[in-house]
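Under my numbering, the first residue of the sequence shown is numbered 4, with each subsequent residue one higher.
Even for Gly, the Cβ is constructed at its ideal location relative to N, Cα and C.
Nothing here was measured: the structure is a model prediction, and the numbers come from that model.
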Amino acid sequence: MTELLSPSFILLVTRDLLFESRVTGAATALTVQVKTTGALVAARQIAAEPGCQCVLYDLSLGTAGLAEFVQELHAARPVPVIAFGSHVATALLESARAAGCSEVMPRSRFVTILPDLLARFGGHGHGP
Numbered sequence: 004m005t006e007l008l009s010p011s012f013i014l015l016v017t018r019d020l021l022f023e024s025r026v027t028g029a030a031t032a033l034t035v036q037v038k039t040t041g042a043l044v045a046a047r048q049i050a051a052e053p054g055c056q057c058v059l060y061d062l063s064l065g066t067a068g069l070a071e072f073v074q075e076l077h078a079a080r081p082v083p084v085i086a087f088g089s090h091v092a093t094a095l096l097e098s099a100r101a102a103g104c105s106e107v108m109p110r111s112r113f114v115t116i117l118p119d120l121l122a123r124f125g126g127h128g129h130g131p
């Protein structure tokens with residue numbers, strides 16, 4: 004019997020269309036699939052799909068419901084949640100840490116290491 008593998012992908016949760024374009028452009032260059040949503044409710048469903056390797060969460064969406072999202076996701080399987088936001092939004096960054104995000108960083112650092120994150124988590128079937 005042949006088992007079908009779900010295609011690997013990274014989930015980007017943001018409403019910033021310009022930033023979404025930047026991330027998906029970098030992913031395309033590395034042949035990494037990125038799914039996007041601007042709502043945490045939709046993110047719950049997408050992140051539950053077997054191919055999800057990582058969630059990239061834009062803190063400009065706020066942290067309401069983030070802790071529950073991380074807990075639910077980690078209860079199902081250990082998918083990393085990487086949160087990023089403005090370096091001056093220290094309360095949001097700290098709130099994301101408290102919510103249990105795997106990594107939390109300023110947006111500037113996120114942009115710098117984005118190709119590495121895409122390569123690490125978009126590894127065509129290589130899970131976390």
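Query	Result
Buried or exposed (CB count within 10 angstroms, at least 16 for buried), Gly128	Low per-residue confidence applies at Gly128: pLDDT is 44, beneath 50, and the placement is therefore not dependable enough to give any value.
Which listed residue (Thr40, Val82, Phe12) has its alpha carbon closest to that of Thr34	Phe12
Simplified DSSP assignment, three categories, for Ser9	coil
Touching by the beta-carbon criterion (3+ pairs, under 8 Å), the region 88-104 and the region 62-75	yes
Three-state class that DSSP yields for Pro81 in the structure shown	coil
Rounded C-alpha distance that separates Gly125 from Ser111	21 Å
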